[in-house]
Structures are given as structure tokens and as C-alpha cells.
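Okay, structure first, notes after.
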Amino acid sequence: MIHVMDADSSQSVVVEEVKRGRNLVVQGPPGTGKSQTITNIIASAVTIGKKVLFVSEKMAALEVVKSRFENIGLGDVCLELHSHKTNKKVVLEQVAKTLNLGQPKHANFQQQAEELQAIRDRLNRYVKVLHQTLEPAGLSAYDLIGHLTRMHSEGIPPSELVSPDAADWSASQFQEIRAQIQDLALHLKSINNPQEHIWRGVHLTTPPLPTDLQRFQSRFADIIDQLNPLMDAVEVLRNALSIDLPPFFLKYRENEASGTASH
Numbered sequence: 119m120i121h122v123m124d125a126d127s128s129q130s131v132v133v134e135e136v137k138r139g140r141n142l143v144v145q146g147p148p149g150t151g152k153s154q155t156i157t158n159i160i161a162s163a164v165t166i167g168k169k170v171l172f173v174s175e176k177m178a179a180l181e182v183v184k185s186r187f188e189n190i191g192l193g194d195v196c197l198e199l200h201s202h203k204t205n206k207k208v209v210l211e212q213v214a215k216t217l218n219l220g221q222p223k224h225a226n227f228q229q230q231a232e233e234l235q236a237i238r239d240r241l242n243r244y245v246k247v248l249h250q251t252l253e254p255a256g257l258s259a260y261d262l263i264g265h266l267t268r269m270h271s272e273g274i275p276p277s278e279l280v281s282p283d284a285a286d287w288s289a290s291q292f293q294e295i296r297a298q299i300q301d302l303a304l305h306l307k308s309i310n311n312p313q314e315h316i317w318r319g320v321h322l323t324t325p326p327l328p329t330d331l332q333r334f335q336s337r338f339a340d341i342i343d344q345l346n347p348l349m350d351a352v353e354v355l356r357n358a359l360s361i362d363l364p365p366f367f368l369k370y371r372e373n374e375a376s377g378t379a380s381h
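Heads up: the sequence shown runs through residues 119 to 381, numbered per the working numbering.
Written as C-alpha cells, this is what we have:
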């Protein structure tokens, strides 16, 4: 990349698209770097031996780009052919001035060239490391940063879950765990918050048999009789501590008031 002026990532993409022969329209409000981008496009084209005709409806746009070249010592790259003031003599004088320049003279050219190459190599190493695939996950730092950035842009808060062995997951293990989490999410959506589920605390792994249900039902009356005093004690404690009751307690009280608590 031959950039004679500072350029951000979007401006660099424009320059490279033009160098590859693409036709495109660049839009943006004042101050977004359009004239800088044009300056870099012209400089890149001149570097590889091309000629550029820069046309504008407004004289100010031509003057801004020309002044940018003047400010960085490359004003002689431009040949002004605009306005009614330009004549044959002025054009020939500009051409003669450029031809008489000769090769650029710089006392520390070799040193600066080596420094530039060292900086370029260091930046290229950074890019290489950033895109290097990390095993066993098969992902790069660039992939992970992009994923986190996408989550942030979508308003997804960072997870509080931490898995100590996550860095050792292979791509297939990650996909398997991801599928399990997606399956769990579907179940949670159907049963709502597990902390508020009516069967929370039940550790049965298989459905109860009909005989089990009959035994449970025969004990319900005793359980309710023992539960009521406990609920009364909780109510006294709640009033003393001025705390809110858990959802299951409120649900029980509602059922009790409607005569369905024993069911």
C-alpha cells in the first residue's frame, strides 16, 4: 500500500478497490476524509506508472487535493489544467519544472527505507499472529475478537459463566457443547425459571408408577397439616424481617385461600 496521507480501514479499502480496477462511488459528509482518500488514490496510481485525470464540478475540490500534495512535497505530481486562466505557456512551464527535478535527493534515504521496512515487517508479524489458527479450537484471535464485538453490537451482555477447560476444547467438542446449551435453552423456554418450578427439589429420574402416586396422595393430607404451621411461621418471620416472600409461598397462599391447597 502506498499511502502518502493517513487513512483508516474504510479509506484503505477504497484505495485498494480502485487499484484493482473497480468502479465505485464514495459518499460521506464533509470532514470524513474523501480528499485524503483521493490523494492516496492518485499517489498509488502514479507510483505504478499510471496517469490520473481528476475532474470536479467545483474548483474548491481540485484546490484541496492539490494543496494536500503541496503540503507533503508532492505538488509537482500534479499538472493543473483547469480554469480559464490556464494557458499553453503555464502548462509548458509546469511540465518543464517537473522534468528538471531529477531524482529525489535525501541525505538519509537508506536509513529511512530500512526503518520503514522494519516497521512494515513488525506490523505484518502482528497481522500474522492475529490471524494464526490456535489449536485445538481451530480459531484465531481475530475470530474471537470479531465474535465478541458482534455480541456487543447486538446488545448481548458478557457471560458470567467461566469454564476452566474451555481453551482445551476442540472444534467438535465446542459444537457438541453448543448444541447441548441450545437444547437446554429450549427446555428453559418451555418450563420458565427452574427456581420457580412447582417440582423444584424433586429428584426423581423416572416418572412415578401409579402405585407411587396412590401412596403420595394418601400422605398429602398429613403433609398439608404439617405445612400450614410452617407457612404461618414463615409469615411471622417475614413480617419481622420485612422481606418479600418467594413466589412458591405466594402461590401456596393463593391456593390455600381458594381452597385448592390440598390438591
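From the three backbone atoms N, C-alpha and C, an ideal C-beta is built for every residue, glycine too.
Being a predicted model, the structure only gives us computed values, none of them experimental.
- Taking the Cα of residue 153 as reference, the smallest distance to any Cα among 186, 350, 289, 193 is reached at 186.
- The alpha carbon of residue 181 has as its nearest neighbour, out of 168, 281, 196, the alpha carbon of 196.
- Rounded to whole angstroms, the gap between the alpha carbons of residue 265 and residue 281 is 18 Å.
- A distance below 6 Å between beta-carbons, with the five flanking residues on each side excluded, links residue 156 to the following residues of its chain, in chain order: 183.
- Measuring C-alpha to C-alpha distances from residue 177 to each of 223, 200, 221, 162 identifies 200 as the nearest.
- The way I'd put it, the region 228 to 243 doesn't touch the region 263 to 278; fewer than three beta-carbon pairs between them come closer than 8 Å.
- Judged by DSSP in its simplified three-state form, residue 252 adopts strand.
- Linking residue 225 to residue 217 through their CA atoms gives a straight-line distance of about 21 Å.
- DSSP places residue 357 in the uninterrupted alpha helix (DSSP H) bounded by 328 to 359.
- Boundaries of the alpha helix (DSSP H) around residue 271: 259 to 271.
- Look at the region 189 to 223 and you find these whole runs of alpha helix (DSSP H), each 4 residues long or longer: 206 to 217.
- Rounded to whole angstroms, residue 345 and residue 290 show a C-alpha spacing of 50 Å.
- In this chain, the alpha helix (DSSP H) harbouring residue 128 covers 127 to 137.
- In this structure, the beta-carbon distance from residue 162 to residue 143 does not fall below 9 Å.
- Counting along the chain, no alpha helix (DSSP H) covers residue 168, and no H or E run does either.
- A straight-line Cα-Cα distance of about 30 Å links residue 274 and residue 146.
- Residue 254 sits close to residue 286, with the two beta carbons spaced by under 9 Å.
- Between residue 160 and residue 170 the beta-carbon gap is near 5 Å, inside 8 Å, which marks them as a contact.
- Take the alpha-carbon of residue 302 and the one of residue 332: they are about 32 Å apart.
- Annotated three-state conformation of residue 279 is coil, per DSSP.
- Distances from the CA of residue 192 to each of 309, 229, 165 were compared; the closest alpha carbon is that of 165.
- Straight-line spacing of the CA atoms in residue 353 and residue 279 works out to 35 Å.
- Between residue 312 and residue 249, the alpha-carbon positions lie close to 41 Å from each other.
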